[in-house]
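Peer 1: Protein sequences, first through last, are from chains E and H. Going letter by letter, the first sequence gives residues 1 to 347 in our numbering. Going letter by letter, the second sequence gives residues 1001 to 1347 in our numbering. C-beta: ideal position from N, C-alpha, C; glycine also. Below are the structure tokens for one structure; questions will follow.
There are 2 protein chains.
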Amino acid sequence: MCRVAVLGAGYMGSAITFPLADNGADINLWGTWLDDDILEASHRGEHPKLKKKLPEKVSLFYSQQLEEAVKEVDFILIAVSSEGFLTIFQKLLETLQTEQPLFTLTKGFVEYDGRIMRIHDAAFDLFKKKFPHENFIWASVGGPVKAVELSNKVPTGTVFGINSPRIQKLLRFFKAEYYRVAVTDDIAGVELSSAFKNVYAIALGIFDGLYGTMKGRLFHNFKALLFNQAIQEMAIIVEAAGGRKATVFDLAGLGDLYVTSSSGRNRRFGEYIGKYIRAEEAYNLMLREGEIAEGYKAMGLGVEFLKGLGNNLLENLPLFRTLDRILFLDKDVSDEIEGFFRRYILR
Amino acid sequence: MCRVAVLGAGYMGSAITFPLADNGADINLWGTWLDDDILEASHRGEHPKLKKKLPEKVSLFYSQQLEEAVKEVDFILIAVSSEGFLTIFQKLLETLQTEQPLFTLTKGFVEYDGRIMRIHDAAFDLFKKKFPHENFIWASVGGPVKAVELSNKVPTGTVFGINSPRIQKLLRFFKAEYYRVAVTDDIAGVELSSAFKNVYAIALGIFDGLYGTMKGRLFHNFKALLFNQAIQEMAIIVEAAGGRKATVFDLAGLGDLYVTSSSGRNRRFGEYIGKYIRAEEAYNLMLREGEIAEGYKAMGLGVEFLKGLGNNLLENLPLFRTLDRILFLDKDVSDEIEGFFRRYILR
């Protein structure tokens, strides 16, 4: 028998219950204070994001029931938004009695201890403050996974960045005919690829918003340059942060950017920008539909994270800087994308 | 003043005349015996593939005028199909008096000296037989370039694999505001990426043919796995053939596969296969419209080329073998693609 707590009832938290349930686990799906509507709808019938019933083995827990949700579980998955991560992780730590395998599907950065940090690093520090002598048993989950497709049991592959054999032994509760799990010890590579692919998917969305409307002319050559540049910049970032380029040149990076730039919220956010809707407006427009363009928030913190890596790293990331100017300095999107080509491509 | 001969008046040969003309070169565009219709139409008005007039600085030469076309030119570009390459290269050598910078846009393999070889290697051998004491000055042109888009002057980047400073000095006749040229000494990496990306674009086309028709369900997760696998296999091939993986993880490989799998003849050929049209039939169907699915022919020779590299290389290329079974053993396309996932992804 196995009981798992999944924290966060959004797309990914809910989708991951399908392979877990198929492997015989009982799942406590806990919703944050923002997930009440989702839980209520799921209780009555379909999960409103995934548009289907959750597995029978899922029990629903409301925000005030965190302690119950994680009680006597074998491991915990965290799938809240990056903005909610620290608050929820701290609440979680209060309820924990001892070390516990922790999996996170949250992507992005947190502001912690006066700095912008990777989620793993902040979680590690908080954990060690409470449990200095226990093991921090961690997996960062990445790779090309659209949640709805996973819940449809479409053939899917994923990468877990892990730090312990205890995690390795638990992978059997994830692995399914339709959900294959690769493993690496490059947690930084997986985590940063996951976060930055959302950012670069916005750039590709912008491109489609901008050039998709110019009927009768195709711009595949240009788009391939952007896609390639995004991958190169992700590799530079990961290496600068102590991860491995090879992680980016595989499922966690190029596989995930491929899928994320094909469809989804960050891509759609980018398309709005490419159609000359301002970033804040596009973000709020989507928020009113209950959709969060996480890459936009990751971007804001991402700039600070990259500055923290020093060595004038940003100088080597012209596409990132272009995106920064479009989203945060409100520069003309067409000028910026064309200027990026003129100034930086193969110069 | 600069005069260039371009051999082959198809998509790429004709498109490359645009940046050359913009850089002030005069261009002798020579058509093979298969290009008569193209030349006649281009003479009267529009190039029938590019659907536009060629630059003023282009002079047209018919198949029997090869000697005139290459007389007193400063360098030569070869842009014929891989099937025509050897014959035309031999004819070209007969007319050459001395060493001459040679650029090739031809992708694929040739049967030479009882083996399947890279185009560069066969050309080198033929050249050295005639000119044992002269320099073989060579560029293999790769990277993500749709010819029509290049002729539309869409922002485009390309990679030249080169072996001589003489080539380097000529790059100014190519480089344009809309056409950026990167350079590498990894000719094998560029050439093999160019050839195999056509092969793997067929696989992605098959995928879209097969899954694009299942309305209401998306399979982006699965497609990302295929795209990623294609890149990994191209990297394995290039390394086994003496090139560098880094070449594949950049414009020449992932940039080019990205664009080639987005649109074009090889992708379209794959889509037919995914809709259960047999390979030979799909090839002929396209041929009747004057379109050649080059990846299909490259695939046939590619298998032999890979076997020649030894070390049971094919065992590490499950997607390639899957494609081989679909195209040449006429296996059920859906079984094969799903079987590929079941048997090989992250196992």
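By DSSP, does L1077(H) sit in helix, in strand, or in coil?
Peer 2: Here residue 1077(H) refers to the residue found at position 77 when the second sequence is read from its first residue. Looking at L1077(H) - three-state DSSP - the assignment turns out to be strand.
Peer 1: If the cut is a Cβ gap below 7 Å, which residues of chain E does Q1090(H) touch?
Peer 2: In the second sequence, counting from the first residue as 1, residue 1090(H) sits at position 90. Near Q1090(H) there are no residues of chain E at all, since even the closest Cβ is about 33 Å away, more than 7 Å.
Peer 1: For G1045(H) and G1189(H), what's the separation of their Cα atoms in angstroms?
Peer 2: Position 45 of the second sequence, counted from the first residue, corresponds to residue 1045(H). Position 189 of the second sequence, counted from the first residue, corresponds to residue 1189(H). Approximately 38 Å between the Cα atoms of the pair.
Peer 1: Would you mind listing the alpha helix (DSSP H) stretches within the region 1024 to 1060 of chain H that are 4+ residues and don't spill past its ends, in chain order?
Peer 2: 1036 to 1044
Peer 1: If you measure from the beta carbon of N1221(H) to each beta carbon in chain E, is any gap under 7 Å?
Peer 2: The residue you call residue 1221(H) lines up with position 221 of the second sequence. Yes, N1221(H) lies at the interface with chain E (some Cβ there is under 7 Å from its Cβ).
Peer 1: Could you check which residue in F1207(H), G1308(H) and S1194(H) has the C-alpha nearest to that of S1081(H)?
Peer 2: Counting from one through the second sequence, the residue named residue 1081(H) turns up at place 81. When only C-alpha atoms are compared, the closest one is S1194(H).
Peer 1: Quick one: which unbroken alpha helix (DSSP H) runs of 4-plus residues sit fully inside the region 1092 to 1151 of chain H? Chain order, please.
Peer 2: For the region 1092 to 1151 of chain H, the continuous alpha helix (DSSP H) assignments of 4+ residues that do not extend past its boundaries occur at 1119 to 1130 and 1147 to 1151, in sequence order.
Peer 1: Cutting at 6 Å between CB atoms, please list the residues of its own chain near K130(E), excluding the five before and the five after it.
Peer 2: Position 130 of the first sequence, counting from 1, holds the residue named residue 130(E). Within the same chain, and ignoring the five residues on either side of K130(E) in sequence, the residues whose Cβ sits closer than 6 Å to its Cβ are L93.
Peer 1: Whose CA, out of E72(E), F174(E) and V110(E), lies closest to the CA of T95(E)?
Peer 2: Mapped onto the first sequence, residue 95(E) falls at position 95. Of the listed residues, the one whose Cα sits closest to T95(E) is E72(E).
Peer 1: Below 7 Å CB to CB, which residues in the same chain sit around A69(E) once its five sequence neighbours on both sides are set aside?
Peer 2: As a working note, residue 69(E) is residue 69 in the first sequence. If we look at A69(E) and ignore the five residues flanking it on each side, its Cβ neighbours are A5, N28, W30 and F61.
Peer 1: What did DSSP end up calling Y258(E) once you bin it into helix, strand or coil?
Peer 2: The sequence position of residue 258(E) within the first sequence is 258, counting from 1. Assignment of Y258(E) by DSSP, reduced to helix, strand and coil, places it in the helix class.
Peer 1: What does a CB cutoff of less than 8 Å around R372(E) pick up in its chain, not counting 5 residues either side in sequence?
Peer 2: Only positions 1 to 347 of chain E appear in this structure, which leaves residue 372(E) out of reach.
Peer 1: Mark M1234(H) as exposed unless 16 or more other C-beta atoms lie within 10 angstroms of its C-beta, in which case mark it buried.
Peer 2: Here residue 1234(H) corresponds to residue number 234 of the second sequence, with the count starting at 1. M1234(H) is buried by the Cβ-count criterion.
Peer 1: From the DSSP secondary-structure annotation, give me the bridge partner or partners of V159(E).
Peer 2: The count along the first sequence starts at 1 and reaches residue 159(E) at position 159. BP columns for V159(E) point to G142(E) and A182(E).
Peer 1: Alpha carbon to alpha carbon, how far is D1026(H) from L225(E)?
Peer 2: The sequence position of residue 1026(H) within the second sequence is 26, counting from 1. The sequence position of residue 225(E) within the first sequence is 225, counting from 1. Roughly 29 Å between the two C-alpha positions.
Peer 1: By Cβ distance below 7 Å, which residues in the same chain neighbour F1075(H) in space, the five residues on each side in sequence not counted?
Peer 2: Locating residue 1075(H) in the second sequence gives position 75, where the first residue counts as 1. So the list reads V1004, Q1100, P1101, F1103 and L1170, once near-sequence residues are dropped.
Peer 1: Going by beta-carbon coordinates alone, are I1167(H) and A1139(H) separated by less than 7 Å?
Peer 2: Counted from its first residue, the second sequence places residue 1167(H) at position 167. Counted from its first residue, the second sequence places residue 1139(H) at position 139. Against a cut-off of 7 Å, the Cβ pair of A1139(H) and I1167(H) comes out as a contact.
Peer 1: DSSP has R268(E) in a bridge; who is on the other side?
Peer 2: The count along the first sequence starts at 1 and reaches residue 268(E) at position 268. According to DSSP, which records beta bridges pairwise, R268(E) is partnered with nothing at all.
Peer 1: Could you give the first and the last residue of the continuous beta strand (DSSP E) run that contains L7(E)?
Peer 2: As a working note, residue 7(E) is residue 7 in the first sequence. Run containing L7(E): R3 to L7, per the beta strand (DSSP E) assignment.
Peer 1: Looking only at its own chain, which residues have a Cβ that is under 7 Å from the Cβ of F305(E), when we skip the five neighbours before and after it?
Peer 2: Here residue 305(E) refers to the residue found at position 305 of the first sequence. Closer than 7 Å at the Cβ level, and outside the excluded window around F305(E), lie F109 and I116.
Peer 1: Spell out a yes or no on whether the region 329 to 345 of chain E and the region 272 to 285 of chain E are touching, meaning 3 or more CB-CB pairs, one atom from each, closer than 8 Å.
Peer 2: As far as the Cβ criterion goes, the region 329 to 345 of chain E touches the region 272 to 285 of chain E, which means the pair count is three or higher.
Peer 1: Listed from N- to C-terminal order along the chain, which residues in the region 325 to 343 of chain E have their beta-carbon within a distance smaller than 8 Å of any beta-carbon of chain H?
Peer 2: E338, F341 and R342
Peer 1: Kindly say whether G157(E), judged by its beta-carbon, lies nearer than 7 Å to any beta-carbon of chain H.
Peer 2: Within the first sequence, numbered from 1, the residue matching residue 157(E) stands at position 157. Chain H, which has a Cβ nearer than 7 Å to the Cβ of G157(E), makes this yes.
Peer 1: Write down every uninterrupted run of the alpha helix (DSSP H) in the region 1276 to 1331 of chain H whose length is 4 residues or greater and which is fully enclosed by it, in chain order.
Peer 2: 1279 to 1288, 1294 to 1308 and 1318 to 1328
Peer 1: Can you check which of these residues, V159(E), L254(E) and M299(E), is closest to E83(E) by C-alpha distance?
Peer 2: Sequence index remark: in the first sequence, residue 83(E) carries index 83 (1-based). Among V159(E), L254(E) and M299(E), the Cα nearest to that of E83(E) is on M299(E).
Peer 1: State the start and end residues of the unbroken alpha helix (DSSP H) segment that holds E1191(H).
Peer 2: Looking up residue 1191(H) in the second sequence gives position 191. I1187 to Y1211 is the extent of the alpha helix (DSSP H) around E1191(H).
Peer 1: So, is the C-beta of R1278(H) closer than 7 Å to a C-beta in chain E?
Peer 2: Looking up residue 1278(H) in the second sequence gives position 278. False, the Cβ-Cβ gap to chain E never drops below 7 Å.
Peer 1: Go to I16(E), then tell me how far its alpha helix (DSSP H) extends in each direction, as first and last residue.
Peer 2: Along the first sequence, one-based indexing puts residue 16(E) at 16. Where I16(E) is concerned, there is no enclosing alpha helix (DSSP H), given that its DSSP letter is neither H nor E.
Peer 1: Just mark D185(E) as buried or exposed, buried being the case when its beta carbon has 16 or more other beta carbons within 10 Å.
Peer 2: As a working mapping, residue 185(E) is identified with position 185 in the first sequence. Label assigned to D185(E): exposed.
Peer 1: With F1341(H) as the anchor, note down where its alpha helix (DSSP H) starts and where it stops.
Peer 2: Taking the first residue of the second sequence as 1, we reach residue 1341(H) at position 341. F1341(H) -> alpha helix (DSSP H) spans V1333 to Y1344.
Peer 1: Using three-state DSSP, classify A176(E) as helix, strand or coil.
Peer 2: Residue 176(E) sits at position 176 when you count from the first residue of the first sequence. Here A176(E) sits in strand by DSSP.
Peer 1: Starting from the C-beta of A147(E), find all residues in its chain whose C-beta is less than 6 Å away, skip the five residues before and the five after it, and write them out in chain order.
Peer 2: Against the first sequence, residue 147(E) aligns to sequence position 147. For A147(E), where only same-chain residues beyond five positions count, the Cβ hits under 6 Å are Y11, M12 and A15.
Peer 1: So, for K91(E): in the same chain, excluding its five sequence neighbours on each side, which residues have a beta-carbon less than 8 Å away from its beta-carbon?
Peer 2: For the purposes of this step, residue 91(E) is taken as residue 91 along the first sequence, with counting starting at 1. Counting only Cβ-Cβ distances below 8 Å, and skipping sequence neighbours, we find L66.
Peer 1: Any beta carbon of chain E sitting closer than 7 Å to that of F1269(H)?
Peer 2: Here residue 1269(H) is taken as the residue at index 269 of the second sequence, counted from 1. Output row for F1269(H): interface = no.
Peer 1: Strictly under 7 Å for the Cβ-Cβ distance: is Y258(E) near chain H by that measure?
Peer 2: In the first sequence, counting from the first residue as 1, residue 258(E) sits at position 258. Yes, Y258(E) counts as interfacial toward chain H.
Peer 1: Below 8 Å on the Cβ atoms is my guess for L1354(H) versus G1270(H); work out the distance and round it to an integer in Å.
Peer 2: In the structure as shown, chain H begins at 1001 and stops at 1347. Residue 1354(H) is therefore absent and cannot be evaluated.
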